[in-house]
Each structure stands twice: as structure tokens, then as C-alpha cells.
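Working notes for the structure below.
In my numbering, the protein residues as written are 1 to 81.
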């Protein structure tokens with residue numbers, strides 16, 4: 001996610017904000033190329049919609065996260081294969 005990104009209740013710019021997503025990692029189950037809004041799920045399971053301009057992919061990079069003391073932490077990052 002980019003700085004200032006938010007998770008919204010509906011796929012519109014004026015929908016209620018569920019919560020901020022500043023650089024959060026989210027799961028996008030299936031990219032919809034016909035929509036500017038993508039369904040996304042935060043690591044805590046909360047679902048909503050994010051504008052595609054706020055989504056960044058890791059591409060061929062690998063991020064390794066671990067839950068430590070109840071908080072998810074990025075512990076390693078590499079370029080992958």
C-alpha cells in the first residue's frame with residue numbers, strides 16, 4: 001500500500017473508511033481488471049475495497065513476516081529468484 005491508502009466499505013471514493021492502510025500488507029484474492037477498486041483483506045481478516053492506484057505488488061521480491069509479541073513484523077526482504 002501507499003502512504004495515505006485506506007480500506008473502504010464500498011468500491012467508491014466517498015464510501016465510509018474502514019481504516020487506514022499506510023504501507024500495510026493486504027491480500028487481494030483476485031485482481032479485477034475491469035474495476036479501479038479491488039477487494040482486499042487485511043492481515044487481521046477485515047475486508048473492504050482499495051483503489052488500484054494505492055496498491056503496490058512485491059513482484060519477484062520475497063517478504064518474510066512474523067508475528068512477534070502480537071504484532072506482525074517484516075523480518076527479511078530479498079529479491080527472490
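We put the CB at the ideal spot given by N, CA and C, even for glycine.
Let me make sure I understand the geometry here. Which of 42, 4, 65 and 20 has the alpha-carbon closest to that of residue 77?
65
Among 28, 5, 30 and 27, nearest to residue 18 - alpha-carbon criterion
5
Using the three-state DSSP reduction, which class does residue 53 fall into: helix, strand or coil?
helix
For residue 26, count the other beta carbons within 10 Å of its own beta carbon; 16 or more makes it buried, fewer makes it exposed. Which is it?
buried
With a Cβ-Cβ cutoff of 7 Å, do residue 48 and residue 8 count as a contact?
yes
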